[in-house]
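Protein chains in written order, with numbering that gives the first Met the number 0: chain A, 0 to 241; chain B, 0 to 241.
Just so you know, even glycine gets a beta-carbon here, dropped at the ideal spot from N, CA and C.
Protein chains: 2
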Amino acid sequence: MKTKQVLNNSLIAKEPVSADNFTVGVSVDCVIFGFEACKLKVLLIKSDMPSYKDRWSLLGDIVKPGEDIDEAVSRIVKNRTGLNDVYMEQVRTFGKVNRHPEGRVITIAYCSLINIRHNELKIYDNELHWHDVNEIKEMAFDHKEILDACYYWLQYRMQEHPLGLRLLGTEFSLRDLQLLYENILDEKMDRRNFRKKFFSMGLLIDTGILESNVPHRPGKLYRFDYEKYGSMKRKKWLGIDF
Amino acid sequence: MKTKQVLNNSLIAKEPVSADNFTVGVSVDCVIFGFEACKLKVLLIKSDMPSYKDRWSLLGDIVKPGEDIDEAVSRIVKNRTGLNDVYMEQVRTFGKVNRHPEGRVITIAYCSLINIRHNELKIYDNELHWHDVNEIKEMAFDHKEILDACYYWLQYRMQEHPLGLRLLGTEFSLRDLQLLYENILDEKMDRRNFRKKFFSMGLLIDTGILESNVPHRPGKLYRFDYEKYGSMKRKKWLGIDF
DNA sequence: ACAAAAGTGTTCAACGTACACCCATGC
DNA sequence: GCATGGGTGTACGTTGAACACTTTTGT
Chain A
0 MKTKQVLNNS LIAKEPVSAD NFTVGVSVDC VIFGFEACKL KVLLIKSDMP SYKDRWSLLG
60 DIVKPGEDID EAVSRIVKNR TGLNDVYMEQ VRTFGKVNRH PEGRVITIAY CSLINIRHNE
120 LKIYDNELHW HDVNEIKEMA FDHKEILDAC YYWLQYRMQE HPLGLRLLGT EFSLRDLQLL
180 YENILDEKMD RRNFRKKFFS MGLLIDTGIL ESNVPHRPGK LYRFDYEKYG SMKRKKWLGI
240 DF
Chain B
0 MKTKQVLNNS LIAKEPVSAD NFTVGVSVDC VIFGFEACKL KVLLIKSDMP SYKDRWSLLG
60 DIVKPGEDID EAVSRIVKNR TGLNDVYMEQ VRTFGKVNRH PEGRVITIAY CSLINIRHNE
120 LKIYDNELHW HDVNEIKEMA FDHKEILDAC YYWLQYRMQE HPLGLRLLGT EFSLRDLQLL
180 YENILDEKMD RRNFRKKFFS MGLLIDTGIL ESNVPHRPGK LYRFDYEKYG SMKRKKWLGI
240 DF
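And the structure:
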């Protein structure tokens with residue numbers, strides 16, 4: 000008879016180990032980034048694994064037999080945030096033999112970027128919270144390692160591709176954008192050069208609207224031209240999707 | 000009773016599908032690149048799956064329960080080429096539901112770079128051959144897609160990191176190096192600028208030896224300073240290992 | 001009027017690109 | 001001596017980095 004074991008807040012079918020039974024579990028783990036109050040945040044849930052009691056873990060689940068990997072990620076993101084069509088990208092697969100205490104589980108890590116204000120978290124339902132990425136020390140499983148890899152990936156990737164915009168609302172000031180870059184990359188940037196660089200891409204649409212409720216001269220609000228970007232990204236920025 | 004099915008020239012344990020049995024197979028597939036006669040080559044084997052009779056496939060195998068993913072890759076590379084300590088890097092995981100005709104198999108693709116002259120292929124043993132990457136049309140499973148992803152990955156990656164050198168012997172002329180880059184990236188380069196760029200890295204060691212048996216002025220042979228590179232790569236070239 | 005951030009241009013250094021001639025060897 | 005590729009330097013354009021003042025709004 001088969002036994003069920005809890006895997007990262009979900010269920011994985013496990014079988015007694017035998018020479019004939021090469022079962023290896025496959026899961027996905029989603030590193031969902033957000034940005035708020037000048038901090039990069041990641042969405043985590045309390046682990047309910049006994050061996051990782053009170054540790055935080057990424058949002059993950061097993062991949063179902065009839066489900067594509069991307070579908071599994073979409074399902075998890077949808078379940079936890081209420082959002083469809085979220086930007087996501089595969090980052091790396093982690094599979095150390097002992098990474099999961101209940102058996103051999105290989106996990107495919109994905110990175111997602113969402114706007115914190117646009118979600119509908121069911122925080123009451125699970126112990127689901129946004130955490131400052133820079134203040135996370137320990138996590139369940141090897142999730143700290145996965146988070147670090149995704150953070151590093153994000154830092155690298157957003158220097159060549161305008162990914163970071165997905166963390167902002169549809170309308171944003173150049174100040175918002177620069178603060179985002181400065182905080183995620185952890186370096187001060189020159190305002191004039193930053194503006195020049197972004198404008199030179201020709202992908203910012205001036206909405207004509209100004210900020211309001213700021214105690215100083217209001218800045219213009221822009222939108223990102225995703226349509227134009229979609230048609231040009233393979234030229235200027237190499238559309239690397241590996 | 001469990002049944003065994005051939006998976007990509009090896010064995011995977013499969014079980015009758017039931018609600019309790021969420022078995023998903025996990026394999027690795029190795030894209031082993033070589034370079035010879037000014038062509039980028041990839042090492043392929045004849046598929047012995049009935050549904051892919053006579054198609055070529057990548058070198059792959061299931062990941063064993065007690066084996067790390069990297070170990071599985073090393074094992075496969077060692078088995079097929081006789082080489083230890085080969086350069087390899089994880090590229091991407093492929094897991095479409097129907098990518099394997101015998102069941103759900105998720106595969107983690109790795110890219111390896113070896114020197115064709117330094118291997119000990121057991122070509123008699125299996126139908127194992129080097130193929131011109133640019134002449135491959137159809138392959139078994141989704142292996143063409145995997146190969147394309149790895150080829151693209153290689154092209155992109157070798158523009159920022161001196162990866163290509165792994166495809167050459169320990170001693171090489173700048174001409175060899177330039178032909179390698181020109182052929183893999185499919186673009187002509189200026190000889191003077193190419194030399195300048197490589198020398199400016201400070202990673203080429205002049206062996207003092209000259210080419211022989213060339214019908215023209217012989218060029219100098221160089222070695223790559225892997226030691227120096229190992230200690231500096233996180234500075235100049237960002238040691239991205241995602 | 002003052003504080004606070006928006007908005008704007010120029011200069012310089014580094015880097016990549018284009019390009020042409022002499023040199024060493026094998027035949 | 002001729003063919004073949006080895007080896008070298010300079011000029012130009014582009015790009016990224018450094019840097020300061022005026023403008024607009026809220027208080």
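Chain B contact residues for residue i, given Cβ-Cβ distances below 8 Å
i	result
Asp141/A	Correct list: empty, because the minimum Cβ distance to chain B is about 12 Å.
Asp185/A	By Cβ distance, chain B contributes nothing, its closest Cβ being about 14 Å from Asp185/A, past 8 Å.
Presumed contact (8 Å Cβ cut-off) between residue i and residue j, rounded CB distance
i	j	result
Val25/A	Val62/A	5 Å
Glu88/A	Cys110/A	6 Å
Leu146/A	Ile135/A	7 Å
Val27/A	Gly65/A	Actually they do not touch by this definition, with Cβ atoms about 15 Å apart.
Ser46/A	Pro100/A	Not really, about 11 Å apart at Cβ, beyond 8 Å.
Glu137/A	Arg54/A	6 Å
Asp131/B	Lys38/B	5 Å
Tyr80/B	Ile113/B	It should be pointed out that residue 80/B corresponds to Thr in this sequence rather than to Tyr. About 6 Å separates the two Cβ atoms, so the contact holds.
Asp141/A	Val96/B	Actually they do not touch by this definition, with Cβ atoms about 27 Å apart.
Gly33/A	Ile115/A	4 Å
Trp129/A	Lys40/A	4 Å
Arg156/B	Gln177/B	At roughly 18 Å, the Cβ-Cβ gap does not stay under 8 Å, so Arg156/B and Gln177/B are not in contact.
Ala139/A	Met48/A	6 Å
Burial state of residue i, where buried means 16 or more other Cβ atoms lie within 10 Å
i	result
Ile44/A	buried
Thr169/B	exposed
Leu57/B	buried
Ile303/B	No information on residue 303/B is available, as it lies outside the stretch 0 to 241 that chain B covers here.
Leu42/B	buried
Cys149/B	buried
Arg165/A	buried
Val90/A	buried
Val213/B	exposed
Arg103/A	buried
Gly163/A	buried
Phe197/B	buried
Leu167/A	buried
Thr106/B	buried
His117/A	exposed
Leu179/A	buried
Leu202/B	buried
Gly94/B	buried
Ala36/A	exposed
Thr206/B	exposed
Lys227/A	exposed
Contact set between residue i and chain A, taken where Cβ atoms lie within less than 9 Å
i	result
Ile107/B	Thr92, Gly94, Ile105, Ile107
The ligand SAM heavy atom lying under 7 Å from the CB of residue i
i	result
Thr106/A	Ligands are entirely absent from the displayed structure, and the ligand SAM is therefore not among its contents.
By the 9 Å beta-carbon criterion, what residues does the segment 85-98 of chain B contribute toward chain A? Gln89, Val90, Arg91, Thr92, Phe93, Gly94, Lys95, Val96
Beta carbons nearer than 8 Å to chain B: which residues of the segment 21-54 of chain A have them? Phe21, Thr22, Val23, Gly24, Val25
Report the residues of the segment 68-80 of chain B with a CB closer than 7 Å to any CB of chain A, ordered along the chain. Listed by position, the residues of the segment 68-80 of chain B near chain A (Cβ gap below 7 Å) are Ile68.
Short-range partners of chain B found in the segment 204-233 of chain A, where Cβ spacing is below 8 Å: none
Would you call the segment 172-180 of chain B in contact with the segment 207-224 of chain B, where contact means no fewer than 3 C-beta pairs closer than 8 Å? yes
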